[in-house]
Amino acid sequence: MAGDLSEELLRVVNLTITYSPPASAPVRALRDASLKINESEVIGILGESGCGKSTLASAILRLLPSYAHNDTGSIVFRGSDLLTMTEADLRKVRGRAISLISQDPALCLNPVMKVGDQIAEVLRAHLAIGKGERRRRVEELLQAVGFEQPRQIYSAYPHQLSGGQRQRVVIAQAIACDPALVIADEPTSKLDAALQAEILSLLSEIRKRRGTAFLVITHDPTIFPGFADRIAVMYAGGIVEAGTTEDIFRKPLHPYTQALVRLSERYLTNSGETKMRFPMIDGEPSDSTRVNPGCRFEPRCVDRMHVCIDSDPQEVTHNPSHRVSCFKYGK
Numbered sequence: 005m006a007g008d009l010s011e012e013l014l015r016v017v018n019l020t021i022t023y024s025p026p027a028s029a030p031v032r033a034l035r036d037a038s039l040k041i042n043e044s045e046v047i048g049i050l051g052e053s054g055c056g057k058s059t060l061a062s063a064i065l066r067l068l069p070s071y072a073h074n075d076t077g078s079i080v081f082r083g084s085d086l087l088t089m090t091e092a093d094l095r096k097v098r099g100r101a102i103s104l105i106s107q108d109p110a111l112c113l114n115p116v117m118k119v120g121d122q123i124a125e126v127l128r129a130h131l132a133i134g135k136g137e138r139r140r141r142v143e144e145l146l147q148a149v150g151f152e153q154p155r156q157i158y159s160a161y162p163h164q165l166s167g168g169q170r171q172r173v174v175i176a177q178a179i180a181c182d183p184a185l186v187i188a189d190e191p192t193s194k195l196d197a198a199l200q201a202e203i204l205s206l207l208s209e210i211r212k213r214r215g216t217a218f219l220v221i222t223h224d225p226t227i228f229p230g231f232a233d234r235i236a237v238m239y240a241g242g243i244v245e246a247g248t249t250e251d252i253f254r255k256p257l258h259p260y261t262q263a264l265v266r267l268s269e270r271y272l273t274n275s276g277e278t279k280m281r282f283p284m285i286d287g288e289p290s291d292s293t294r295v296n297p298g299c300r301f302e303p304r305c306v307d308r309m310h311v312c313i314d315s316d317p318q319e320v321t322h323n324p325s326h327r328v329s330c331f332k333y334g335k
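For the sequence shown, our numbering assigns the number 5 to the initial residue and increments by one for each residue that follows.
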């Protein structure tokens with residue numbers, strides 16, 4: 005049963021993350037990112053590769069590399085700041101209360117281990133139940149993600165399954181401990197159009213049955229209509245626009261969002277049943293190693309003004325559900 009959409013589950017406040025790898029220039033991966041997720045809500049994070057989407061997900065899970073520095077901000081999950089938690093307390097959250105669906109099932113599944121045993125390992129790590137009960141629960145999970153013969157799938161190895169079947173196994177792992185929040189990193193990027201629709205339908209059904217909230221990360225805006233409640237659009241480490249799915253698709257405000265929506269409309273018109281790669285907008289993405297006092301999108305923006313060169317726009321509330329960082333909407 006779905007939870008109360010008005011009840012806050014997780015809040016990210018002014019999160020800034022810098023990568024300082026050895027012998028390389030520092031990279032500002034996140035810039036003052038703020039985000040709220042309510043119980044049972046589907047939130048989309050949309051943006052090009054390198055915009056900070058995966059860094060945000062890794063920060064929530066406290067899985068950033070050792071050379072990442074949390075400069076400012078907090079990540080509060082059900083009243084507790086994940087950034088200040090002890091490792092012991094974090095282990096009770098990661099994998100149990102918050103879980104991850106990885107982008108590539110082929111890389112996160114052990115090729116020499118039965119898929120059922122891999123799901124059972126998640127249960128063994130977090131729940132004090134016996135082997136027989138774990139087996140029963142795994143078969144229930146496999147059935148819940150759409151396998152009609154769960155016992156047969158339990159004993160299969162990853163290479164014996166199709167790409168769509170492997171994705172379902174990874175989803176079963178993610179929901180094994182009935183988490184409150186699942187982070188899905190490009191969950192459909194390696195699937196064709198038909199399988200993509202099946203996986204999105206499955207995630208929606210899981211949300212409906214279990215009350216699970218989802219944070220879905222993607223470069224492809226076409227997956228969100230009819231699936232996500234709200235969308236945050238990221239560019240060069242910052243959230244440039246956030247609103248309901250209807251706000252973003254029917255009344256996009258930021259020039260970057262407008263460009264993405266135009267491309268999505270063209271993509272849906274031309275792709276038909278063939279799952280092509282979603283195109284990029286014109287121009288080069290922002291260089292995160294350079295200190296730029298102005299708007300990061302200014303070099304690619306068709307609506308740029310002189311003020312955009314030297315000043316970074318502040319966030320403006322367009323309506324209670326819709327906010328944007330752009331001088332076009334400033335006072």
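Even for Gly, the Cβ is constructed at its ideal location relative to N, Cα and C.
Here the structure is a predicted model, which is why all the values come from computation and not from measurement.
Beta bridge counterpart(s) of residue i as assigned by DSSP
i    : result
E245 : V237, V328
R15  : K40, V80
L50  : T222, V237
I313 : According to DSSP, which records beta bridges pairwise, I313 is partnered with nothing at all.
T20  : T76
Range covered by the beta strand (DSSP E) that runs through residue i
i    : result
R35  : 31-42
A188 : 185-189
E302 : Counting along the chain, E302 falls outside any beta strand (DSSP E), and DSSP gives it neither H nor E.
E319 : 319-323
Proximity to residue i [Cα-Cα], best of the options
i    : options                : result
N296 : A240, L50, Q153, P259  : A240
P26  : I179, S290, L204, A72  : A72
I252 : F301, R139, I49        : I49
E202 : G167, S84, D189, R82   : G167
V46  : R327, V306, E209       : E209
M117 : I105, G56, S159, P303  : S159
P229 : C112, L204, I243, D307 : L204
D189 : P324, D224, E125, D182 : D224
T237 : C55, L14, V31          : Rather than Thr, the amino acid found at residue 237 in this sequence is Val. The candidate whose alpha carbon is nearest that of V237 is C55.
V186 : S193, L195, A176, K194 : A176
R213 : T248, G120, A184, L195 : A184
P336 : G136, H163, R155       : Outside the displayed span of the chain (5 to 335) sits residue 336, for which this structure offers no information.
S84  : L13, Q200, R170        : L13
A101 : V320, S10, F81         : F81
P69  : E11, K255, T22         : T22
S193 : I313, L165, T226       : T226
I154 : G120, V244, V174       : Note on residue identity: the sequence assigns Pro, not Ile, to residue 154. For the residues G120, V244, V174, the minimum Cα distance to P154 belongs to G120.
Residue i to residue j span [Cα, whole Å]
i    : j    : result
Y333 : Q147 : 49 Å
Q107 : P191 : 6 Å
I64  : L264 : 26 Å
E43  : L257 : 27 Å
R128 : E143 : 15 Å
A178 : F301 : 35 Å
S329 : F218 : 25 Å
E52  : G150 : 31 Å
L206 : L195 : 14 Å
K279 : A197 : In this prediction, K279 has a pLDDT of 47, which is less than 50 and means its spatial position is unreliable; what the coordinates show is noted afterwards. If I take the Cα positions, the gap works out to 5 Å.
V31  : H310 : 26 Å
E248 : S103 : Rather than Glu, the amino acid found at residue 248 in this sequence is Thr. T248 and S103: Cα-Cα distance of roughly 24 Å.
For residue i, the first and last residue of its enclosing alpha helix (DSSP H)
i    : result
G136 : 135-148
T222 : Careful: T222 lies outside any alpha helix (DSSP H), inside the beta strand (DSSP E) at 217-222.
V174 : 167-179
I343 : Outside the displayed range of the chain (5 to 335) lies residue 343, so it cannot be described from this structure.
I157 : 154-158
S62  : 57-64
Test: residue i CB closer than 8 Å to a CB of chain C
i    : result
F218 : Within the model displayed, chain C is absent; a lone protein chain is all it includes.
heavy atom of the ligand ATP below 7 Å from residue i C-beta
i   : result
V80 : As presented, the structure is devoid of all ligands, the ligand ATP included, so that no description of it is given.
Mind listing, in chain order, the continuous alpha helix (DSSP H) runs of no fewer than 4 residues lying wholly within the region 69-127?
Correct list: 91-97, 109-112.
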